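Data block below; observations after.
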Amino acid sequence: MKALGIGLIGTGYMGKCHALAWNNVSTVFGDVDRPRLVHLAEANGELAVARAKEFGFAKATANWRDLLADPEVDVISVTTPNQFHAEMAIAALEAGKHVWCEKPMATDLGDAERMLAAQRASGKVAVMGYNYIQNPVMRHIRSLIDEGAIGTVNHVRIEMDEDFMADPQTLFYWKSEASSGYGALDDFAVHPLSLLWSLFGHVEAVIASLAKPYADRPTKDGGRRAVENHDIASVLMRLSGGISGVLMANRSAWGRKGRIALQIYGSTGSILYDQERMNEFQLYTTDGRATEQGFSTILTAPHHKPYDRFIPAPGHGLGFNDLKVIECRELMAAIAGKPSHAIDFVDGLRIEKSVHAMARSHREERWVEVDAG
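Going by UniProt numbering, the sequence shown opens with residue 1, and the numbers climb by one from there.
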């Protein structure tokens, strides 16, 4: 069987991340054929040629639709700004390609629903770029919850904070446009929502408050432009099984670089995790003598699969791009008809429904039930 042919749309932050994953997945895991890097698309033609050389793609184009007509392309990575995801993913599926689409699924719920419909009609595999769930730490936390290591979970708090929009003098760009979505919710909080989904399932109801720390931002021409979405979100949630939850997201939190702080409280213990220290977590259990009870710090090691495919020694640590390699392997498993830990468009739409329920809650200032379909 011929190895998968890869097309890549976009060569920025996440485009390079996808390219690294496609280049490394066979080396790391050894049980998949090395993908063929066939065709790369970038709006700037000169940049497309340069990136194709850097990333290892055979062909380059300034028109992303050229990938749809290329018979050598089997899978398309969509890594463009949020507002283009739906059009590109739907077109790729209709062209008979598998899709790996970066988050969020779409900026409009109707578009996300059309993406799922296109996937179902095509029969192709389509997954979302939620790589934080691929952390071996997160998989082990899930197993601890399933084993009852902290008893019955009753409360979860999760925060995501970064400071890339903390400076009021940061120039206005597409992440502050209404066309890119709600802001902190769908550009940002979908990541912690993906963790909540993988650990606890459905978000049943929400009440949310959104905020803008800065009403406008400077523009390149020396003017000012009004910020069109919200950089801060605070949400109370009810999760499956009656678990109470809190979600907070802030894109303008000085000093925070890549923080996803997760606190899980159960009837016999607690689990703490922070993405800025992504190779460890803290566990507290009430077994044993009270005089020795306290949080234990557990470092990732080869027995936390698939850490062992990267490093044979404990405590040396994985990175953000390594999680993308794992996600790439999960996509390839799904394409091969094997069990996969990736978030497909079915669950991706459920996350989108949570986001839109939060936005509606903010507008209407009330609790909103989340559609479980």
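Yeah, the Cβ is synthetic: ideal placement off N, Cα and C, and Gly gets one too. Please read these numbers as outputs of a predicted model, since none were measured by experiment.
- Rounded to whole angstroms, Gly10 and Asp287 show a C-alpha spacing of 51 Å.
- Secondary structure at Gln134: helix, using DSSP grouped into helix, strand and coil.
- For the 8 Å CB-CB criterion, Thr297 and Gln282 form a contact.
- Membership of Gly348 in the alpha helix (DSSP H) is indicated by the continuous run 345-364.
- Closest option to Val355, judged by alpha-carbon separation, among Gly242, Lys212, Gly317, Val203: Val203.
- Counting other Cβ atoms within 10 Å of its Cβ, Gln169 stays below 16 and is therefore classed as exposed.
- Comparing alpha-carbon positions, the option among Arg114, Ala334, Ala211 lying closest to His362 turns out to be Ala211.
- Shown here for Met88: same chain residues with a beta carbon closer than 7 Å to its own, the five before and five after excluded, namely Ile9, Trp64, Val78, Thr80 in chain order.
- Between the stretch 157-171 and the stretch 325-334, the count of Cβ pairs shorter than 8 Å is below three; the stretches do not touch.
- The beta carbon of Glu369 lies closer than 8 Å to those of Glu204, Ala205, Ala357 in the same chain, with the five residues before and after it left out.
- Secondary structure remark: continuous beta strand (DSSP E) runs of at least 3 residues inside the stretch 243-307, in chain order: 244-250, 259-266, 269-274, 280-285, 296-299.
- Secondary structure note for Gly5: its beta strand (DSSP E) is the uninterrupted segment 5-9.
- Within 10 angstroms of the beta-carbon of Ala215 lie fewer than 16 other beta-carbons, which makes it exposed.
- Straight across, the Cα-Cα distance linking Glu280 with Val32 is about 29 Å.
- Per DSSP, the beta bridge partners of Trp100 are Ser77, Val127.
- Excluding residues up to 5 positions away in sequence, His230, Asp231, Ile232, Ala233, Ala249, Arg251 lie with their Cβ nearer than 6 Å to the Cβ of Ala184 in the same chain.
- A distance below 8 Å separates the beta carbons of Val153 and Ile145.
- Of Ala106, Ile311, Ala178, Ser176, the smallest CA-CA separation from Gly129 is found for Ala106.
- Just so you know, the alpha carbons of Gly245 and Gly12 end up roughly 34 Å apart.
- Within the stretch 6-92, the complete alpha helix (DSSP H) segments of 4 residues or longer fall at 13-29, 45-55, 65-68, listed in chain order.
- Each residue's CA atom was taken as its position, placing Phe345 and Phe55 some 27 Å apart.
- Taking 8 Å as the cut-off, the beta carbon of Leu116 is found no closer than this to the beta carbon of Ile158.
- Between Ile6 and Arg36, the C-beta gap is smaller than 8 Å, which places the two residues in contact.
- Per DSSP, the continuous alpha helix (DSSP H) segment holding Pro192 begins and ends at 190-200.
- Remark: C-beta atoms of Ile271 and Ile133 do not approach each other more closely than 8 Å.
- For the set Ala226, His140, His191, Gly201, the Cα lying nearest the Cα of Glu177 is the one of Ala226.
- Around the C-beta of Lys324, 16 or more other C-beta atoms lie within 10 Å, and the residue is accordingly described as buried.
- In the displayed model, Leu236 falls within a strand according to three-state DSSP.
- Within the DSSP secondary-structure output, Val206 pairs in a beta bridge with Met237, Val368.
- Taking Ile207 as the centre and dropping the five residues before and after it, the same chain places the C-beta of Leu236, Ser361, Trp367 closer than 6 Å to its C-beta, in chain order.
- With a cutoff of 8 Å on beta-carbon distance, Met14 and Asn135 are scored as not near each other.
- Looking only at Tyr182, Trp174, Ala253, Gly241, the smallest Cα-Cα distance to Thr219 is reached by Trp174.
- DSSP places Arg329 in the uninterrupted alpha helix (DSSP H) bounded by 320-335.
- Rounded to whole angstroms, the gap between the alpha carbons of Gly222 and Ala334 is 49 Å.
- If the five residues before and after Gln119 are omitted, its C-beta is found closer than 6 Å to the C-beta atoms of Leu93, Ala126, Phe345, all from its own chain and listed in chain order.
- Closest in alpha carbon position to Ala91, among Lys103, Met138, Ala121, is Ala121.
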